[in-house]
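Data block below; observations after.
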Amino acid sequence: MTHSRRAYLKKAIGSTGIALGALGGAAGSAAADAAGVEDGAIYRITPVHSGKALDLAAKSTENGANVQQYSWNGGDNQRWRFEHLSGNVYRIVNVHSGKVLDIEGTGNGNGTSCIQYGWANVDWQRWEVTQDSNGQYSITNVHTGKVVDVEGKSTDDGADVLTWEDNGGDNQRFDLEKLSGDGGDGGGDGGDGGNSGTTSEFGLDDGFADTSWFDDSVQVIKVTEPTRSAVEDAFQTSGPRLVVFETSGTIDLGGETLQITEDNCWVAGQTAPSPGITFIKGMVQIDANDCVVQHIRSRIGPGSDGDIQGNDSLNTADDTTNNVVDHVTASWGVDECLSVGYDTNDTTVTNCLVYEGLYDPYGDGSDHNYGSLIGDGAENVTLAGNVWGKIRARVPRLKGGTRSVVANNVMYFFNEATAMDGDSDASIVGNLYIPQDVEDTPIEGGNAFLEDNVTDPSSTPLTGGTSELSSRPLWPSGLETMDAGSVESHNLAYAGARPADRTDNDSRIVSEIEGRDGDAYLDSPYDYWIADHNDVGGYPSLPENTHSLSPPSSGLRDWVEQWALAVEDPNASSP
66 MTHSRRAYLK KAIGSTGIAL GALGGAAGSA AADAAGVEDG AIYRITPVHS
116 GKALDLAAKS TENGANVQQY SWNGGDNQRW RFEHLSGNVY RIVNVHSGKV
166 LDIEGTGNGN GTSCIQYGWA NVDWQRWEVT QDSNGQYSIT NVHTGKVVDV
216 EGKSTDDGAD VLTWEDNGGD NQRFDLEKLS GDGGDGGGDG GDGGNSGTTS
266 EFGLDDGFAD TSWFDDSVQV IKVTEPTRSA VEDAFQTSGP RLVVFETSGT
316 IDLGGETLQI TEDNCWVAGQ TAPSPGITFI KGMVQIDAND CVVQHIRSRI
366 GPGSDGDIQG NDSLNTADDT TNNVVDHVTA SWGVDECLSV GYDTNDTTVT
416 NCLVYEGLYD PYGDGSDHNY GSLIGDGAEN VTLAGNVWGK IRARVPRLKG
466 GTRSVVANNV MYFFNEATAM DGDSDASIVG NLYIPQDVED TPIEGGNAFL
516 EDNVTDPSST PLTGGTSELS SRPLWPSGLE TMDAGSVESH NLAYAGARPA
566 DRTDNDSRIV SEIEGRDGDA YLDSPYDYWI ADHNDVGGYP SLPENTHSLS
616 PPSSGLRDWV EQWALAVEDP NASSP
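Numbering (this note's numbering), first residue to last: 66 to 640.
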């Protein structure tokens, strides 16, 4: 950015750092839709030649951050809100940052990079959107008259997005796919940008799993009572299906595992009325392929069989593939709390709150206070945006022959964390380790690429006996990470079943991590870890509230996502 432009923007934004958006806001608030683009709606912008998406690089919130093309992963940094100003002219706001599409410098020549910047009410932040006879769009900078262009007609991820004289090429034409309606202000006029604060950085397709099987043709199954039999019928129906909840409540599994046994099952716990769904006294298991489980709580507790082995709160079964566990709370496990099965493939675990494995549930001194085990031979496992708290070990445990990505997680009050077998490979990036034993190493054994992992206190050594790799042995194409310094505040805000509608136990563990409550027990950790679920109030009894759901015949994925947003963001509403 040129010095003269910086000076101009400083003057335009003002000494307070707040953009003077009111200068352009009136037109946007009252104007009719233009160019077939809905005012205030959120769109995916897809270059016709590549089929990728316009993307804010590295999910940055900084002024001057680059705009590129990248494979679609559903992240807010790939979502753009079009705010109508006048005629066919729009301000284009990135949903992730709240900043607007802009150009580097004053950008009169060909090849000027597109960037984001806080709104300053200048013509180089205004874009004329024109639809052609094929229904595709050109996006022209009002200041320069140049159009948005993917450099060199590249089809690669990370290709630069810039402006160029219009030559009619498909790399200068875009499909606009509407994702949702009016998205609110998101920071557009409200200031110099910043994260809109609506959703986690980690989406369902950021790992190796692929959720593209889900479309409008799936069967919708409504659970109308909080009973094991009602849920089991939905979980074990054959064919692609969406399971939604017209009731909240505690579902007692009676000491037996509740399994999803048929492929292509999407469990949308976010559709339940407040305070949502909690399973107790039994494990929830995904024993099928191509499944998504979202926004539920599972608190197995001791149950009644007295058997530790295999009694996880939630897991994926052995030999399963292409499954996603997202925004789940898993606590009070007597083996582990949340685990991935042996010889699985393409499993994604994101935004989960995993805590308080029970170290003595049967009074026999079992000492099995464990978090997550990744079973032997598991391939392409992604663990991102999660929180493990008050768990002695397996945070997570990467067993033999596993290949895993462990990124941007928070691990709190453990004495053994990421232990790896010698033939396991992992990319371990941007994690925060807050140990109970401040002298022990949280990452041990195995073969790992390590980057931007931090300990608190910083004097705690990071690794022991790990063979460090010079490059990532595996990495999903859609995953972008935050710096480790941002992980704690982000994950504590967004992890768990219903971050905007937390139950007492979920709120308690988040508060304990924020307050470092375990510091008083560094020399007596068993006084802080939980022996039995009754130590923290016992099994919950949630109210059984009801509502009626009307799933749409089209746009079902957007409908599900809006329900998710409603339980993740206190300012969002259900569809």
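Every residue, glycine too, gets a C-beta built ideally from N, C-alpha and C.
Exposed or buried, residue i, counting other C-beta atoms within 10 Å across all chains shown (16 or more means buried)?
i	result
D270	buried
N445	buried
T385	buried
H149	buried
D571	buried
D588	exposed
Y591	exposed
H598	buried
S115	buried
N199	exposed
H612	exposed
E169	buried
E401	buried
P510	According to the sequence displayed, residue 510 carries Gly and not Pro. Per the 10 Å Cβ criterion, buried.
G183	buried
S265	buried
D104	buried
D600	exposed
E242	exposed
N329	buried
Report the option in the options whose CA atom is closest to the CA atom of residue i.
i	options	result
F267	G183, C417, T292, E297	C417
R567	D634, G529, S282	D634
Q359	P367, S378, G366, G334	G334
N451	N512, L497, S431, Y407	L497
D411	V215, Q627, F273	F273
T111	P616, V419, R238, E127	R238
L438	I157, A565, A482	A482
G550	G530, Y593, N518, Q133	N518
V413	D432, G436, N434, V389	Here residue 413 is Thr; the residue named in the question, Val, does not match the sequence. Answer by Cα proximity: V389.
E290	N329, D429, P338, A565	P338
G314	S615, Q627, L607	L607
G139	I578, E545, I157, Q181	E545
I508	G543, S535, V471	V471
Rounded to whole angstroms, what is the Cα-Cα separation between residue i and residue j?
i	j	result
Q501	G454	11 Å
P538	A443	14 Å
T415	G174	43 Å
G561	S638	18 Å
D167	D548	25 Å
Q324	E297	7 Å
N232	S245	31 Å
N153	D582	55 Å
D377	G223	40 Å
L109	W192	Here residue 109 turns out to be Arg, not Leu, going by the sequence shown. Cα-Cα distance, rounded: 16 Å.
P305	V625	15 Å
P605	I456	21 Å
K124	S294	43 Å
Y427	P367	7 Å
G602	S162	40 Å
I286	A631	20 Å
R364	S203	52 Å
R462	W189	51 Å
N186	V165	10 Å
S469	E230	45 Å
R563	D317	20 Å
D408	G101	49 Å
W397	V349	13 Å
T205	V213	6 Å
N128	E533	34 Å
P522	S431	30 Å
R459	H392	20 Å
G422	N131	43 Å
Is the beta carbon of residue i within less than 6 Å of some heavy atom of the ligand ATP?
i	result
L269	Because no ligand of any kind appears in the structure shown, any question about the ligand ATP cannot be addressed here.
At the 7 Å Cβ level, is residue i part of the contact set with chain B, yes or no?
i	result
P635	In the structure shown, chain B does not exist; there is a single protein chain.
Checklist entry - Which runs of the alpha helix (DSSP H) spanning at least 4 residues fall entirely within the stretch 509 to 581, listed in chain order? => result 552 to 559, 569 to 580
Item to check | the stretch 608 to 621 in contact with the stretch 348 to 360 per 3-pair CB rule at 8 Å | outcome: no
Checklist entry - Are three or more beta carbon pairs between the stretch 309 to 325 and the stretch 339 to 348 nearer than 8 Å? => result The stretch 309 to 325 and the stretch 339 to 348 touch, with no fewer than 3 CB-CB distances between them shorter than 8 Å.
Checklist entry - If you scan the stretch 381 to 469 from start to end, which runs of the beta strand (DSSP E) of 3 or more residues do you find wholly inside it? => result 386 to 391, 394 to 396, 410 to 415, 418 to 420, 444 to 449, 452 to 454
Next on the checklist: With a threshold of 8 Å, are at least 3 pairs of Cβ atoms found where one atom belongs to the stretch 203 to 215 and the other to the stretch 177 to 194?
Outcome noted: Under the 8 Å Cβ criterion, the stretch 203 to 215 counts as touching the stretch 177 to 194, having at least three qualifying pairs.
Item to check | Cβ contact (3+ pairs, closer than 8 Å) linking the stretch 471 to 480 and the stretch 574 to 589 | outcome: yes
Checklist entry - Which full runs of the beta strand (DSSP E) of 3+ residues lie inside the stretch 277 to 328, going along the chain? => result Listed in chain order, they are 284 to 288, 306 to 310, 314 to 317, 323 to 325.
Next on the checklist: For the pair the stretch 525 to 539 and the stretch 479 to 495, tell me if three or more CB-CB distances fall below 8 Å.
Outcome noted: Yes: at least three Cβ pairs fall under 8 Å.
Item to check | Contiguous beta strand (DSSP E) assignments of at least 3 residues, all confined to the stretch 181 to 243 | outcome: 192 to 196, 202 to 206, 212 to 215, 226 to 229
Item to check | Complete runs of the alpha helix (DSSP H) confined to the stretch 123 to 181 [at least 4 residues] | outcome: none
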